[in-house]
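Q: My numbering puts the sequence shown at residues 494 to 933. Virtual Cβ for every residue (Gly too), placed ideally from N, Cα, C. The structure is given below, and queries will be raised subsequently.
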Amino acid sequence: MGALPIHFAVWRSNFQKDMPVVFERYADIILTGTRSFQLFIDVGDVITVSSILSATKGAHGQRPFSVPEFPLPFETDFESVPIAQGGLRWADQIGVFEVHEESGPLAPESESEPKKKVLRQMVPQTPIGWSDHGTKGPVSVIGNLEWQDITISASFKIPEQSSSTSTKITNAACVAVRVDQMWSQGVVLCYAKDGEWTLAIGGPWINKTYPESGIYAQGKATPLAPTEWVQLTLEVSEGKATATANGKTLVSNAEIRATEFGFAAIGANTWFPLQVDHVGITRAEGSSWEPAECQTPAKAGDQVSVGPCPRNVRGEAFAWELMSTWQLRHVASGLCAQAKSLEVGSRVVLADCARSADQARKLQEFWNDYSTIRNNLRPLAAGGVHNGDLKLTGNVNGTLQLAKQVSSDSWSRWAYFPNTEQLRNQYHVIESLGYPSCLR
Numbered sequence: 494m495g496a497l498p499i500h501f502a503v504w505r506s507n508f509q510k511d512m513p514v515v516f517e518r519y520a521d522i523i524l525t526g527t528r529s530f531q532l533f534i535d536v537g538d539v540i541t542v543s544s545i546l547s548a549t550k551g552a553h554g555q556r557p558f559s560v561p562e563f564p565l566p567f568e569t570d571f572e573s574v575p576i577a578q579g580g581l582r583w584a585d586q587i588g589v590f591e592v593h594e595e596s597g598p599l600a601p602e603s604e605s606e607p608k609k610k611v612l613r614q615m616v617p618q619t620p621i622g623w624s625d626h627g628t629k630g631p632v633s634v635i636g637n638l639e640w641q642d643i644t645i646s647a648s649f650k651i652p653e654q655s656s657s658t659s660t661k662i663t664n665a666a667c668v669a670v671r672v673d674q675m676w677s678q679g680v681v682l683c684y685a686k687d688g689e690w691t692l693a694i695g696g697p698w699i700n701k702t703y704p705e706s707g708i709y710a711q712g713k714a715t716p717l718a719p720t721e722w723v724q725l726t727l728e729v730s731e732g733k734a735t736a737t738a739n740g741k742t743l744v745s746n747a748e749i750r751a752t753e754f755g756f757a758a759i760g761a762n763t764w765f766p767l768q769v770d771h772v773g774i775t776r777a778e779g780s781s782w783e784p785a786e787c788q789t790p791a792k793a794g795d796q797v798s799v800g801p802c803p804r805n806v807r808g809e810a811f812a813w814e815l816m817s818t819w820q821l822r823h824v825a826s827g828l829c830a831q832a833k834s835l836e837v838g839s840r841v842v843l844a845d846c847a848r849s850a851d852q853a854r855k856l857q858e859f860w861n862d863y864s865t866i867r868n869n870l871r872p873l874a875a876g877g878v879h880n881g882d883l884k885l886t887g888n889v890n891g892t893l894q895l896a897k898q899v900s901s902d903s904w905s906r907w908a909y910f911p912n913t914e915q916l917r918n919q920y921h922v923i924e925s926l927g928y929p930s931c932l933r
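In C-alpha cells, the structure reads:
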C-alpha cells in the first residue's frame, strides 16, 4: 500500500502590485509519491503554506474612529474580550499575548464555577524575529509614545519552572513605562518567582544579565507560592521611580536617567505562559504633563540639548537639517543652533538663522564632513573651523556644550540619519553610552 497523499493549503499576499493581493487562496498542493514541491514566487510575494485545509480568510469590523490621544485612566480585566484574541488596545511586539480562561492551580475546575479570563503569553520558545532576534523577553505595549509620568499596575500569575527550562533563568513578570517598541529603553520592573526583583533600563535580557550601569535598584522580596498572584505597581514621575509588590514597597523615589517618554508595557523575562489580569494605568500622582505634540513649540533662546532618540519614528523636536553653510537648522522651529560663544563650556541655543557671514553666523557654523557624516560618526567643529578642536559635545545627563575633550559619559562625534533627520551619538551600538541620544 502506498503512502497517503499529503495536502497543503497555499495562500498568497503581495502589496507591491498595482492591485494588492491580500491572503488569496491558491490551488492546494497534493503530494503523492514525492515529498517535495516547487513554488513560483513573484517579486513582493508573501507565501503561506499550511497543513490546515479548513482555514478561511478572516474579516474585521468597521475601523474605530481616530482619537487624538489614548484615554486615561485605563483599566481592563479582559472579561469582555473573546477567547483567543489579543487584549483590546494592546500591541504585541515580542511574543504573543492572547485572552484565555485562567489555567493552573486554583483555576475553577467544575462547570458551575465561573472561569475568569486572563491575558496569557502563548509563545513557548524563542521565535525568529524581524528585528529583535530573541535578545529580550516577550512584551506587549499600550498607550502613546508621548506618555511621560505614568503609574501602571497589573496582577501576574507566574507558573512553576519547567523541567526543560534552563535553571539559570527564574521566571519573572515585568511592568514598564516610557519604553520603546522593543523595550530596549524605558523603566522596567521585573519580579521573579523566587522573589528576586530588578528595576532597570529596558527589558530583561534572555541570555545575559543587565550591565551594571543599566540597573537602578534590585533586591530580594517574598518568594511566590505556586498558586499565588502578585500585583506589581510601578510609578515614574519626572526623574524618580517607585515600585511595589502586593502593596509592599520595593524601592521608593529611585533616581532614574532613562528616556523621558514612551509606552507602558507588560512582559516577561523568558518564554513561558505568564498570565496577566487587572491592568490599570493612570497619570502619576501630581503630574501635569501633556503629550509631546501638545507642548509649546521651540522658540529663539531655548537651549539645545540631547535626549533619547525616538525609535523608528521621526520626532519633530529631534529633526535637523544639515545646511550647506554648516548651519544646523531645527526643522520644526526654522531656527538654527548657535553657540553663545566660541569658548570651552559654552552652551548652545536656538536663534534666527544668520544670512550673512558675520560673527553671529560664525557662532552657528558647525563644520562637518557633509558627505560621510551620514554613514559614520563625525565631529561637528564650532566656528566653522575645518577639523577644529572645539567641538559640539553631548553628555549622558542630557546637556550640550562646546568642548575640546570628552569623558567616558560624553561624546563629540555624531551621525546624521536622513530618513528621520536625527543627529545621533551612535551609528553602531556603543554600550558605554547606553540608549542612543539625539540632538534636540
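1. Under 7 Å Cβ to Cβ from W782, same chain only, skipping five residues before and after it: list those, please.
2. Could you pull out every residue in the same chain whose Cβ sits closer than 8 Å to the Cβ of L821, ignoring the five residues on either side in sequence?
3. Taking all protein chains shown into account, decide if D851 is buried (16 or more other Cβ within 10 angstroms of its Cβ) or exposed.
4. Taking the DSSP output, what are the residues bridged to N888?
5. Name the residue from T775, A896 and R528 whose alpha carbon lies nearest to the alpha carbon of F567.
6. So, at 7 Å on beta carbons, what are the nonlocal neighbours of G877 in its own chain, with the 5 sequence-adjacent residues on each side left out?
7. Do you know whose CA, among A777, Q578 and A847, lies nearest H553's CA?
8. Take I708 and list the residues in its own chain whose beta-carbon comes closer than 7 Å to its own, dropping the five residues that flank it on each side.
9. In three-state terms, what does DSSP make of Q509?
10. Can you tell me which residues form a DSSP beta bridge with W690?
11. With contact counted as at least three CB pairs below 8 Å, one residue from each stretch, are the stretch 583-593 and the stretch 729-747 in contact?
12. Please classify S633: does DSSP put it in a helix, a strand, or coil?
13. Can you give me the Cβ contacts of Q555 inside the same chain, cut-off strictly under 8 Å, excluding the 5 residues immediately before and after it?
14. Would you say I934 and A757 are within 8 Å of each other, going by their C-beta atoms?
15. If you follow the beta strand (DSSP E) that D770 is in, where does it begin and where does it stop?
16. Since I believe S648 is in contact with H771 (beta carbons under 8 Å), could you give me their beta-carbon distance rounded to a whole number of angstroms?
17. Identify the continuous beta strand (DSSP E) that holds D585 and give its terminal residues.
18. By Cβ distance below 7 Å, which residues in the same chain neighbour N455 in space, the five residues on each side in sequence not counted?
19. Q857 by DSSP, collapsed to three states: which one?
20. Would you give the residue range spanned by the beta strand (DSSP E) that S930 belongs to?
21. Which partner residues of T735 appear in the DSSP bridge assignment?
22. Label N890 either buried or exposed according to how many other C-beta atoms from any shown protein chain fall within 10 Å of its C-beta, with 16 as the threshold for buried.
23. Excluding sequence positions up to five away, which residues of its chain have a Cβ less than 7 Å from the Cβ of C787?
24. Would you check if there are 3 or more beta carbon pairs closer than 8 Å linking the stretch 533-548 to the stretch 499-510?
25. Leaving out the 5 sequence neighbours to the left and right, which residues in its chain are closer than 6 Å to I923 when beta-carbon positions are compared?
26. List the residues that DSSP assigns as beta-bridge partners of S547.
27. Our contact map puts Y920 next to L870 with C-beta atoms below 8 Å; I'd like the distance itself, whole angstroms only.
28. What span of residues does the beta strand (DSSP E) with F516 cover, start to end?
29. So which of G927, Q768 and R867 has the shortest CA-CA distance to K609?
30. Using three-state DSSP, classify C787 as helix, strand or coil.
31. Closest by CA to P688, which one among A844, R906 and L717?
32. Using only alpha-carbon positions, find the residue among E639, V672, L638 and I699 that is nearest to T663.
33. Thinking just about the alpha-carbon of each residue, which of T726, S677 and K713 is nearest to the one in Y703?
34. Can you tell me which of V539, L532 and P929 puts its alpha carbon nearest to the alpha carbon of D521?
35. Identify whether R817 lies in helix, strand or coil by the three-state DSSP scheme.
A: On the basis of the coordinates in this document:
1. Q641 and D642
2. W813, E814, L815, C829, A830, Q857, F859, L873, L916 and L932
3. exposed
4. DSSP, once it has assigned bridges, lists S903 as partnering N888.
5. Ranking the options by Cα distance to F567, first place goes to T775.
6. W819, K855, E858 and W860
7. Q578
8. T691 and A693
9. coil
10. Y684 and G712
11. no
12. strand
13. none
14. Past the boundaries of the shown model lies residue 934; the chain is included only from 494 to 933, so the question cannot be answered.
15. Where D770 is concerned, the enclosing beta strand (DSSP E) stretches over Q768 to R776.
16. 5 Å
17. According to the DSSP assignment, D585 belongs to the beta strand (DSSP E) that extends over A584 to I587.
18. The question about residue 455 has no answer, for the chain in this structure spans 494 to 933.
19. Looking at Q857 - three-state DSSP - the assignment turns out to be helix.
20. S930 to L932
21. E728
22. exposed
23. Residue confidence is low: C787 scores 49 on pLDDT, short of 50, so the model does not pin down where it sits. No coordinate-derived value is stated.
24. yes
25. none
26. The partner list for S547 (beta bridge, DSSP) is empty, contrary to what the question assumes.
27. 5 Å
28. F516 -> beta strand (DSSP E) spans V514 to L524.
29. Q768
30. Its pLDDT being 49, under 50, C787 is placed unreliably by the model, and the measurement read from it follows with that caveat. In the structure shown, C787 sits in a helix (DSSP, three-state: H, G or I).
31. At residue 688 the sequence reads Gly, which differs from the Pro that was named. Minimum Cα distance to G688 is reached at L717.
32. I699
33. Looking at the Cα atoms, S677 is the closest of the given residues.
34. L532
35. It is Ser, not Arg, that sits at residue 817 in the sequence shown. If DSSP states are grouped into helix, strand and coil, S817 belongs with coil.
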